[in-house]
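Chemist: Residues 28 to 93 in the working numbering are what the sequence shown lists, from first letter to last. Here a beta-carbon is modelled for each residue, glycine too, at the ideal position from N, C-alpha and C. All values reported here derive from a predicted model rather than from experimental measurement. To start, I am sharing the structure in question, which I have written as structure tokens.
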Amino acid sequence: MSDRKAVIKNADMSEEMQQDAEFDKKYNPTWHCIVGRNFGSYVTHETKHFIYFYLGQVAILLFKSG
């Protein structure tokens, strides 16, 4: 396990939900995850089901839609 800590840039979800890794299983489908070092985005998401954060130099965007 890495010692790096995620740096959350923007979130619209509960603290408990932010800590979980099995989103489709625990919070029902459909979750989308975008990972990269250089990307832009504009997405429509369900209320309280969005987070954008960095882990080191890698950006992660996770949201529920559909």
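Is it buried or exposed for K52, if we count other Cβ within 10 angstroms and need 16 for buried?
Modeler: exposed
Chemist: In terms of residue numbering, what span does the alpha helix (DSSP H) encompassing Y79 cover?
Modeler: Y79 -> not in any alpha helix (DSSP H); beta strand (DSSP E) instead, spanning F77 to L82.
Chemist: Can you pull the DSSP bridge partners for F50?
Modeler: Answer by DSSP bridge pairing: none, since F50 is not bridged.
Chemist: Given this structure, state the Cα-to-Cα distance separating V34 from G67, to the nearest angstrom.
Modeler: 18 Å
Chemist: With DSSP as the reference, identify every bridge partner of K91, one or two as the case may be.
Modeler: Its beta-bridge partners are W58.
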